[in-house]
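All remarks here apply to the structure that follows.
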Amino acid sequence: MPAHRADPAEPDAVSPDTSFSKEPTSRRRFLGYLLAAPTLVAAAELGGGTGFGAPAANAAETGAGVPPSPQLADSYDLTDALVHAARPTANLITITLDENGHAHFELHRTEVGQGINTTVAMLIAEEMDLPLDHVHVTLADARPELMTNQLTGGSSSVSSIYYPVRTAAAIAKGKLLEAASLVLGEQANFLSSKLGVITSRAGRSVSYGDLATKAASDSTKQVEANLKAESDFAIVGKPTRRIDALDAVTGRKQFTTDLDVPGAKPTMVCRPPTINGTPQSVTNAEQVRRMPGITDVVTISSGVAVRGETYGQCIDAVNALDVKWSPGPVDGESDATVEQKLKDATPPAVIPPTPATKTLERQFTFAFVNGSALGVNAAIADVKPDSAEIWSTLKIPIAAQQNIAQALGMATNQVTVHVVSGGGSFGRALFHDAALEAAEISQKIGKPVRLMWHRADDCRQGRVHPMSVGTIRASFNGDVVSFEQHLASVRTDFSHGLGDAVSSTVARELPGVSYTVSEAIFALTTPSLYNFGITKTLLTETHQSPENNRPRGGFNTGSTRNVYSPDVVTTRELFVDELAEKMGMDPYDFRRKYVKNESLLKVLDKAAEVGGYGKSTPDGVGHGIALHHEYKQTMACFVELDCRPETVNRKVRDGVTGPRVTRGVLVTIPGHIVINPLGLEAMMQGGFIDGFAQALTASVHLNNGRIAEASWDNFFYCRQWNLPFEFTPVVLPAEESEIPAGAGEMGVAPSFAATACAYRAATGKTPTHFPINHNDPLPFEPYPHEPPLPPSPTNGLDYAY
Amino acid sequence: MPEHTFKLNGKPVTVDTEDNVRLLWVIRDLLGVTGPKYGCGINVCKACTCHINGKAFNPCSVQVSDVGPDDEITTIEGLADTVESDLHPMQEAWLDHDVVQCGYCQPGQIMAAVATVRKARDEGRELSDADIEGIRNVCRCGTYFRIREAIKDGATRM
Chain A
1 MPAHRADPAE PDAVSPDTSF SKEPTSRRRF LGYLLAAPTL VAAAELGGGT GFGAPAANAA
61 ETGAGVPPSP QLADSYDLTD ALVHAARPTA NLITITLDEN GHAHFELHRT EVGQGINTTV
121 AMLIAEEMDL PLDHVHVTLA DARPELMTNQ LTGGSSSVSS IYYPVRTAAA IAKGKLLEAA
181 SLVLGEQANF LSSKLGVITS RAGRSVSYGD LATKAASDST KQVEANLKAE SDFAIVGKPT
241 RRIDALDAVT GRKQFTTDLD VPGAKPTMVC RPPTINGTPQ SVTNAEQVRR MPGITDVVTI
301 SSGVAVRGET YGQCIDAVNA LDVKWSPGPV DGESDATVEQ KLKDATPPAV IPPTPATKTL
361 ERQFTFAFVN GSALGVNAAI ADVKPDSAEI WSTLKIPIAA QQNIAQALGM ATNQVTVHVV
421 SGGGSFGRAL FHDAALEAAE ISQKIGKPVR LMWHRADDCR QGRVHPMSVG TIRASFNGDV
481 VSFEQHLASV RTDFSHGLGD AVSSTVAREL PGVSYTVSEA IFALTTPSLY NFGITKTLLT
541 ETHQSPENNR PRGGFNTGST RNVYSPDVVT TRELFVDELA EKMGMDPYDF RRKYVKNESL
601 LKVLDKAAEV GGYGKSTPDG VGHGIALHHE YKQTMACFVE LDCRPETVNR KVRDGVTGPR
661 VTRGVLVTIP GHIVINPLGL EAMMQGGFID GFAQALTASV HLNNGRIAEA SWDNFFYCRQ
721 WNLPFEFTPV VLPAEESEIP AGAGEMGVAP SFAATACAYR AATGKTPTHF PINHNDPLPF
781 EPYPHEPPLP PSPTNGLDYA Y
Chain R
1 MPEHTFKLNG KPVTVDTEDN VRLLWVIRDL LGVTGPKYGC GINVCKACTC HINGKAFNPC
61 SVQVSDVGPD DEITTIEGLA DTVESDLHPM QEAWLDHDVV QCGYCQPGQI MAAVATVRKA
121 RDEGRELSDA DIEGIRNVCR CGTYFRIREA IKDGATRM
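Chains A and R supply the protein sequences, listed in that same order. Mapped onto full-length UniProt numbering, the consecutive letters of the first sequence carry residue numbers 1 to 801. Mapped onto full-length UniProt numbering, the consecutive letters of the second sequence carry residue numbers 1 to 158.
Below, the structure written as structure tokens:
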């Protein structure tokens, strides 16, 4: 029985004049459950049995200029939609206490490097007064009853599980106090709990382990949770190292291809030379099957699969296959044809110019970008006649389960889907491409398979961030009176289910607003930041025909880390710099004048101060500054970029150098309490790197349906030689929201934009294409597309050091 | 099939497989030691970095027939044993700086870091920023900043 009850007479709503650093949730009732079980099991509904009555508050308005017309994301954004998507399910998350006093929690989110396991363990340890290493977080299998709530995307995990997880943990602790009260003979409210031990005023104590069965409930019942006040937090808010780090640095952390599933031998697929081509015929399947180590060769929908004793032998077998391919759906497409289609899809200005105003219009092209993680697409499948078992990194495992069941001709409950920690994701693991393919292969050959995509497969047939063209216009006289931004993008594939969760939630939460999936995501992530008068933003997608929308029917795209925002924000911020120049102002002063609220002004000033914006720099070195708001974070980024010849022309074997970010600063005002400052800092570092890499070097080149890049020696992501000498993350006191902010994607867009602005400042040239080196001559000779895999070298010992 | 013998993490091992199978697959697929990761198979991402006789190398690009009974291969699993401790000082530095995000590249990063420090020492000098910039291992999560701090710290403990 909880010791305290919230006063039911207190209103639920958040008072608008409440300081946001206080805890606006303290008056809410949090209901959860005790479940009938042999040891203590406490549970909460996702959504915590509570509602978020008040809309996210906006920071005080400020600045000169004409207030912008309101944008959807100003008052209701992607985080809100994903949190609300997690609400309607009536199914439970549970914390189980074992007889050693350790808590176990099966997380319905997917750890892919963002640190969500650690964050959740901290929340449970905090509410239960347990040592962190007594909390064990594993990843839940697909649980179809969770519907839209088993979904890791949009940087929404922490925001959506903060209250539910704490509710379950608080109920568990309440029951432990109650049980201890009987054991120790004192009232529960005279007991204190610390590090898994409950102590009475008389000094007697009992451990959680000894209470695990005594606190067990013999019936399932609803109870009220007594959440700790945030001001009492001792673990949450403290920089905390990741709970899986020891396993990672000792090689014990297991990824999909490391799992020992009996009989699941290495399996790879011979893939077509052009995107989504299909196999017509194989002339030498039997010959290849007799190659050393190979056990099976089978044609599947996406290519020809081989299974063998080692991946090395699979690579040789894949390359030995003689396959006749049918063309793919985009064989006629190259960078230039796609760019033209995007420009053709760009509508004329909606807001007409007037004789009294000047107009500035610009257009920027953003190349396709490889979205793959270092851990390649992989899945283990063991398909039997009446059941199937799958292991893979899946951020929407329910969608995987449903689609795999359908493909196998089974009912959903015949397919068990295990979620494995991922070697990165960046959006890639929203899809289940490898899991579906592995299931098909396993069913066809009747054996378990351990499917791994080669890096070349991942680059050439894997999901990319779609190419886009950003067009932006402003009319101005003394102030900016209208501001119009359009993004034409190759269709982003949202068929994995995240999109449906968002658009259906928007339809439910905001009656009268009707969006397609893509429009919803775009609108929810595109707020207005400046007092630029009439403000309009719009998305148009190309490659949207019914054929394109079929699986493997067009480009393989996905909502890569930060989705539309890197392109949208870079377009906006670079344009703002040019607009400032046209209006005779410095970019920083211009932003100071026109930002629409105090929070933006605060982060802007802080970034300029820490970065030393405006201090004199050598010729060829420039400063850029950019703003963004997303995931309940108000952000500013400062970049110093060195474009001097001695830097740009540095030579590195099989790498590119080019302009170098020498210093970076990313400032944020997070929406609410930061659970793990060390984790937030890590995400700020990673997002910052992702952003400047996309501005400077990271893209893929499309030529007649073929992607040129095949590995890390030609997809130029940041390497040590590209790294800034200094990066300073700054986290200012929280404001704005009652739910914690998302962190996994936040840094990408502001970093990309600030780097673009710094390039302009350093060189005096405004780039029109990103990354800035995309249209240079290819700095590498592409690996052949047939056979599909670059063979492994044999001279590795020559490079030993 | 030919037999191949070499030392893996201090113990002699023998496998039956074709001469040209790359050592990475022998270690991972045949011997079940999964610390070295696959990230490219062509010696560019460096996720599989291990040591051969104390030097960093990438087993994805070495045929099993090119190593012999006297060759000592060390994977991340055997690194701590080389200093007769539960953790190598570089692993401790990695924990102290909370370097890991997804963790996929980190076994290779640590093996590369140890070899880079040793190489500088063998050349009679201290670790420099240029040495660190010469480390080619890819980290897609972007842990490079903390890798830099951890290598410098780890070097002082080695």
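Where is the CB? At the ideal position from N, CA and C, for every residue including glycine. Only a predicted model underlies this, so the values are computations on that prediction, with no experimental measurement involved.
Around the beta carbon of P733/A, fewer than 16 other beta carbons sit within 10 angstroms, so the residue counts as exposed. For L374/A, the closest C-alpha among the options A155/R, P36/R and V26/R is that of P36/R. In this chain, the alpha helix (DSSP H) harbouring A112/R covers Q106 to D122.
Straight across, the Cα-Cα distance linking V41/A with H104/A is about 10 Å. F770/A carries a strand assignment under DSSP once its states are collapsed to helix, strand and coil. For G113/A, DSSP assigns no beta-bridge partner whatsoever.
One finds A800 and Y801 in chain A with Cβ atoms closer than 7 Å to the Cβ of K55/R, taken in chain order. Y530/A carries a strand assignment under DSSP once its states are collapsed to helix, strand and coil. The region 365-451 of chain A is shown to contain whole beta strand (DSSP E) runs of 3 or more residues at 378-384, 387-392 and 415-419, in chain order. The beta carbon of F727/A falls within 8 Å of a beta carbon belonging to chain R, placing the residue at that interface. Taking a C-beta cut-off of 9 Å against chain A, the contacting residues of the region 128-141 of chain R are D129, I132, E133, G134, I135, R136, N137, V138, C139, R140 and C141, listed in chain order. With a cut-off of 8 Å on Cβ pairs, the region 648-666 of chain A is in contact with the region 689-703 of chain A, counting three or more such pairs. In the DSSP assignment, the residues bridged to S468/A are F366/A and S489/A.
Distance between P12/R and N20/R, taken at the CA atoms: about 20 Å.
Within the region 627-705 of chain A, the runs of beta strand (DSSP E) that reach at least 3 residues and sit entirely inside it are, in chain order, 633-642 and 660-670.
By the Cβ neighbour-count rule, Y717/A is buried, with 16 or more other Cβ atoms within 10 Å of its own. What W721/A touches in chain R, judged by beta-carbon distance under 7 Å, is E133, going in chain order. Per DSSP, the beta bridge partners of E541/A are S489/A. Not a single C-beta of chain R is nearer than 8 Å to the C-beta of P788/A. L177/A and L191/A do touch by the CB rule: their CB atoms are close to 5 Å apart, below 8 Å. Bridge partners of W325/A according to DSSP: P279/A. For L31/A, the closest C-alpha among the options I380/A, A320/A and A169/A is that of A169/A.
In the DSSP assignment, H104/A forms a beta bridge with T96/A and H136/A.
Annotation: the region 173-199 of chain A contains the following complete segments of the beta strand (DSSP E) (minimum length 3 residues), in chain order: 192-194 and 197-199. Among the CB atoms of chain A, none fall inside 8 Å of the CB of N9/R. In this chain, the alpha helix (DSSP H) harbouring M90/R covers P89 to D96. Straight-line measurement puts the Cα of A438/A at about 39 Å from the Cα of F364/A. Beta bridge pairing from DSSP links Y163/A with no other residue. Going by DSSP, F30/A is part of the beta strand (DSSP E) stretching over F30 to L34. If you draw a straight line from the Cα of A708/A to the Cα of Y783/A, it is about 8 Å long. Look at the beta carbons and you see the region 525-534 of chain A touching the region 466-483 of chain A: at least three pairs across the two are nearer than 8 Å.
DSSP places T763/A outside any beta strand (DSSP E); the residue lies instead in the alpha helix (DSSP H), whose first and last residues are V748 to T763.
Taken atom to atom, the span from the alpha-carbon of I151/R to that of V138/R is near 15 Å. For A115/R, the residues of chain A that pass the 8 Å Cβ criterion are Y801, in the order they occur in the chain. Taking the CA atoms as reference points, S528/A sits about 52 Å from V33/R.
The alpha-carbon of R450/A is positioned some 58 Å away from that of V480/A.
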